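By the working numbering, the letter at position 6 of the sequence shown is numbered 252, and the numbering carries on one by one without gaps. Backbone N, C-alpha and C define an ideal beta-carbon position, used for all residues, glycine too. Keep in mind that this is a model prediction, so the values were computed, not measured. Following: one structure in structure tokens, then a few remarks.
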Amino acid sequence: QKVKSGDFVSIQPEHVMTHDNTAVVMSKFKNIGAKSIKFPRQPVFTLDHNVQDKSEKNLAKYDTIEKFAETHNVDFYPAGRGIGHQIVIEEGYAFPYTMTVASDSHSNMYGGIGCLGTPIVRTDAAAIWATGKTWWQIPPVVKVEFKGQLPSGVTGKDVIITLCGMFNKDEVLNCAIEFTGEESIRGISIEDRLAISNMTTEWGALVGLFPVDDVTIKWLRNRVEKLELTRFENKNLKAIVNNKPFVHPRINHSRIDEIEKNPLRPSVDSYYAKHLTLDLSTVTPYVSGPNSVKVSTSLAELEKENIAIHKAYLVSCVNSRAIDLKAAAEVIKGRKVADGVEFYIAAASSEVQNDAEKSGDWQTLVDAGAKVLPPGCLGTGLLKDGEVGISATNRNFKGRMGSPSALAYLASPAVVAASAVAGKVASPAYLSTSVSTHGSVQTPRITCVLNSNVKSTANKSPASFGDVIPGFPETIKGQLLYCHADNLNTDGIYPGKYTYMDELTFEDMAKVVMENYDPKFSKMVTKGDILVGGFNFGSGSSREQAAVALKACGITLVLAGSFSETFKRNSINNALLCLEAPELVYLLREIYKDNELTTRTNLNAEIKVIEGKMLLKDLNESDKLFNIGVLGRSVQELWVAGGLENWVRQRI
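Listed below in structure tokens is the structure:
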């Protein structure tokens, strides 16, 4: 069938990556009764998150994961090999024109080489191991067009920090981004493309996809040569197969020839929900924060504030590749890290560190006073109360890098290195002149165009996905229970203090549902109610109990202006139905305002599943018809089965 944004599909990703959370996925895999992995070449395990923890407990967990990989013939990369996303790129688990998912939010990064990378949750990963497939709702597509060329000294990190700060009204929330602008993109290196795609996660998107061009092809050809030299270091590869010369199973000239001969291009009549533009020639070095990626300030402006720092970081999957280490080394060469400043470095992978050591860049950083961490995610040197840090990482949410009272800024590797030497937020030029490079501050040129057809398209009922499957109701009926709040997070739905109380029954969960939002909720809800929330419903933590608790209290369906995509995945995986109905939310706001946290509307609704329509009754003695989404076959199957784990169990 022809599918489009909003449709639910069942799809087989080429690969699925899990990291330290492999242990949790293993538990789910066993709980569903799976005995073997459907496609052993599909999963890849990479230990990267807690590699600095040498406790007996953590080492035992790592050993258990490695033995599980050996038992099931799954590719395994131990602690110290590098960050999972970097390994996925280096070893070709992400490849142009394929889809690779990961149980980690920064799988968007794979879009930098033209691979559709998108995050899944742990239950999904277990299901993919068992069946080879997962479900996906095709997101709206936003076209982000680059114009002009990046000035010298401006990086991909500056580009994505600029985008996050300039378009900070959820313009790309839960969307797939398609980067366009052929001539402009040709001037962006693969490393910078990876950095941009990586942080589309922080921008709110589910995908950040670059086109495959001659720069991509050249990078892939070079990887073939590199992997020929390093193949003996990878225990997952065999040098000789059936006495034939070595050919890498994922990155090889034959596959590259195929994509070069059969390029994918957008259709001339492609539909985009929005069209954003950024003139790269107007981008200057930018800094994100403090404590928010939605706040960005030009470095020239921020230097005026003389912000002293305590720690600097050149780590993480977004900016610790060889090109990043070189940029930092060129800035810091012959200098020393300022007194009172700690400068931490970690390569994205062991391969990256080897390359940096051969070039001399690694030793340059060490000689300057950098503190070396193993390839992996940050664990040592977190910010303490009242400290200020500047980092080449991708997240600076409050408390993310340590104490909630600390201030965290994000910048490019060169700016981080310069700041480490200066002892304050500074540009590389400051180290040569001791004068802040204020000058005139240029505002990046941007545009944002909402597709004029969006509203009319939204008013059209989506194409039907066929008949209702046996066991699924053709019509869902219930009375509307309205919670008006936008951004109602999972802690409001299911308090964190109960998250690890595994002994709580469904009945117990029903009693505490919405406790942090409205203590009266559990007394007002009745079995069969349809819950109506605001926009970005279910944001925050990815805890599955938020969806389970709503189902436990008798909610049959959740309608909202929009959902956090992670909450939606958790809901569908646990047989709680969700549909977006923004027009209904607007109407209820007009009627009920925000006088009560929870309102029993006494309005009855009927949802026609395959028609994508909702009939609202008892409204001013009349009925009103709304167009809403369609609950496709894959969602129906999960609901009839009682959730994803049961669905998988039935099929194995």
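N- and C-terminal bounds of the alpha helix (DSSP H) containing residue i
i    : result
D294 : First-last for D294: undefined, no H or E at that position.
E588 : Counting along the chain, E588 falls outside any alpha helix (DSSP H), though it belongs to the beta strand (DSSP E) covering E588 to I591.
K769 : F767 to M770
L656 : Counting along the chain, L656 falls outside any alpha helix (DSSP H), though it belongs to the beta strand (DSSP E) covering L653 to L656.
V661 : P659 to A668
M755 : F752 to V758
M412 : G402 to M412
M272 : T268 to N277
G738 : T736 to I739
Start-to-end residues for the beta strand (DSSP E) that takes in residue i
i    : result
Q383 : T380 to Q383
D601 : Here D601 belongs to no beta strand (DSSP E); instead the alpha helix (DSSP H) covers S596 to S605.
T689 : T689 -> no beta strand (DSSP E), and no H or E assigned at all.
G724 : T721 to C729
L475 : From DSSP, L475 is part of no beta strand (DSSP E) but of the alpha helix (DSSP H) over D460 to T476.
L483 : Run containing L483: none; DSSP gives neither H nor E here.
P674 : Run containing P674: none in the beta strand (DSSP E); it sits in the alpha helix (DSSP H), P674 to T679.
For residue i, the three-state DSSP class (helix, strand or coil)
i    : result
R897 : helix
V388 : strand
T802 : coil
A638 : coil
P828 : helix
H521 : strand
H556 : coil
Y744 : helix
F783 : strand
E424 : strand
N319 : coil
H261 : strand
H352 : helix
L396 : coil
N816 : helix
S527 : helix
Y532 : strand
P289 : strand
D869 : strand
Residue i classed as buried or exposed, judged by whether at least 16 other C-beta atoms fall within 10 angstroms
i    : result
F413 : buried
I555 : buried
K706 : Its pLDDT being 38, under 50, K706 is placed unreliably in this model, and the coordinates cannot settle the point.
W354 : Sequence inspection shows Asn at residue 354; the Trp mentioned does not correspond to that position. Buried, by the Cβ-count rule.
W893 : buried
F643 : exposed
Q896 : exposed
H499 : exposed
A827 : buried
V876 : buried
D321 : buried
F456 : buried
V662 : buried
I715 : exposed
L409 : buried
G586 : exposed
S651 : exposed
P509 : exposed
D607 : buried
Integer-rounded CB distance, given that residue j should sit under 8 Å from residue i
i    : j    : result
L677 : A654 : The pair is not a contact, with the Cβ atoms about 22 Å apart (cut-off 8 Å).
P342 : S251 : Actually they are not in contact, since the Cβ atoms of P342 and S251 sit about 22 Å apart, beyond 8 Å.
H295 : T447 : With 8 Å as the limit, H295 and T447 do not qualify as a contact, their Cβ atoms being about 16 Å apart.
Y728 : L834 : 5 Å
L805 : L825 : 6 Å
I'd like to know if the segment 737–745 and the segment 779–795 are in contact, where contact means that at least 3 CB-CB pairs between them fall below 8 Å. yes
Does the count of Cβ pairs from the segment 579–596 and the segment 542–552 closer than 8 Å reach three? The segment 579–596, when compared against the segment 542–552, does not touch it at the 8 Å Cβ threshold.
Is there contact here, the segment 389–398 with the segment 507–527, by at least three beta-carbon pairs under 8 Å? yes
Could you check whether the segment 248–265 touches the segment 378–386, counting it as contact only if at least three pairs of C-beta atoms, one from each stretch, sit closer than 8 Å? For the pair of segments examined, the segment 248–265 was found to touch the segment 378–386: the number of CB pairs separated by less than 8 Å reaches three.
Quick test of the definition: if touching needs 3 or more C-beta pairs under 8 Å, does the segment 361–372 touch the segment 325–344? Yes, the segment 361–372 touches the segment 325–344.
Mind the definition here: the segment 588–596 touches the segment 555–568 only if three or more C-beta pairs lie below 8 Å; say whether that holds. yes
Cβ pair count under 8 Å reaching 3, the segment 748–761 against the segment 869–883: Not touching, per the Cβ criterion.
At a cut of 8 Å, does the segment 467–474 reach the segment 433–442 through at least three beta carbon pairs? no
Please determine if the segment 656–674 and the segment 504–523 are in contact, where contact requires at least 3 C-beta pairs separated by less than 8 Å. no
Mind the definition here: the segment 849–863 touches the segment 718–725 only if three or more C-beta pairs lie below 8 Å; say whether that holds. yes
Is the segment 417–434 touching the segment 627–641, taking contact as three or more C-beta pairs under 8 Å? Fewer than three beta-carbon pairs drawn from the segment 417–434 and the segment 627–641 are found closer than 8 Å, and the two stretches are therefore not classed as touching.
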